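Q: Quick one: structure below, then a few questions.
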Amino acid sequence: MYPAATSRRFTAMIICLTIFTMLAAAAAAAEARRMAVSVDVANTRSGPGTEHEKLWQMELYTPLEVIETQGDWYFFKDFEGTRAWIHKDLLADIKTVITKKGVINIRTGPGTSNDVAFQAEKGVPFKVLEKKGDWIHIQHADGEKGWIYRGLVW
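If you count by mature numbering (1 follows the signal peptide of the UniProt record, and there is no 0), then the sequence shown holds residues -27 to -1, 1 to 127, one letter each, in order.
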């Protein structure tokens, strides 16, 4: 009788731990905050401060996902999963997207029957103006506007 009771307790404990782990992961994902670069050029750093190494630069409207904050610095990941630090004054709550595939057609309207307005390579950020079904009306930092299919952006 003791082995069966111990087995049931062990199973119940494993189930509880699994549920707790899933809830903790969901809470961590919910805490991640989507933001975007709000200045023409922003430096990323290896740590939370200007004394840390400069890693790379990001342009206006580049979206990122904030993972953690430390004072005025945000630890983030970008659309490729690369992680770095950035100062909070370089970010804003702007709805943006970034192209995640090779050369993409940006169209004059929402749908493939519309003409191609221009093309964008992988890694080009845009401000979101509106959404219509699976299509997003976007604007580049240089002012160009068009429509892009949502499956082509992050």
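We treat Cβ as the ideally placed atom computed from N, Cα and C, and that holds for glycine. None of these values were measured; they are calculated from a predicted model.
Considering only the alpha carbon of each residue, which of Lys68, Thr23 and Glu53 lies closest to Tyr47?
A: When only C-alpha atoms are compared, the closest one is Thr23.
Q: May I ask you to list the residues that DSSP assigns as paired with Pro98?
A: Looking at the DSSP assignment, Pro98 forms a beta bridge with Ile71.
Q: Can you confirm whether the stretch 112 to 124 touches the stretch 65 to 85 when touching is taken to mean that 3 or more C-beta pairs between the two stretches lie within less than 8 Å?
A: Output reads yes: the stretch 112 to 124 touches the stretch 65 to 85.
Q: According to the neighbour-count rule (16 or more other Cβ atoms, all chains shown, within 10 Å of its Cβ), is Trp29 buried or exposed?
A: With fewer than 16 other Cβ atoms within 10 Å, it is exposed.
Q: Please list, in chain order, all residues of the same chain as Val10 whose beta carbon is under 7 Å from its beta carbon, the five residues on each side excluded.
A: Cβ neighbours of Val10 beyond the five flanking positions: Met31, Glu32, Leu33, Tyr34, Thr35, Leu63 and Leu64.
Q: Just mark Phe91 as buried or exposed, buried being the case when its beta carbon has 16 or more other beta carbons within 10 Å.
A: Burial call: exposed.
Q: Would you mind listing the beta strand (DSSP E) stretches within the stretch 1 to 64 that are 3+ residues and don't spill past its ends, in chain order?
A: 6 to 10, 14 to 18, 27 to 32, 36 to 43, 46 to 50 and 56 to 60, all fully within the stretch 1 to 64.
Q: Between the alpha carbons of His113 and Glu26, how many angstroms are there, rounded?
A: Computed Cα separation, rounded: 29 Å.
Q: Exposed or buried, which one is Thr17 when buried takes at least 16 other CB atoms within 10 Å?
A: Burial call: buried.
Q: According to DSSP, is Gly84 part of a helix, a strand, or is it coil?
A: Residue state, collapsed to three classes: coil.
Q: Does DSSP put Gly116 in a helix, in a strand, or in coil?
A: Residue state, collapsed to three classes: coil.
Q: Quick one, are the C-beta atoms of residue 154 and Ala5 less than 7 Å apart?
A: Residue coverage of the chain in this structure runs from -27 to 127, which leaves residue 154 outside it and unanswerable.
Q: For Ala93, list the residues DSSP reports as bridge partners.
A: DSSP output for Ala93 lists Ile77 as bridge partner(s).
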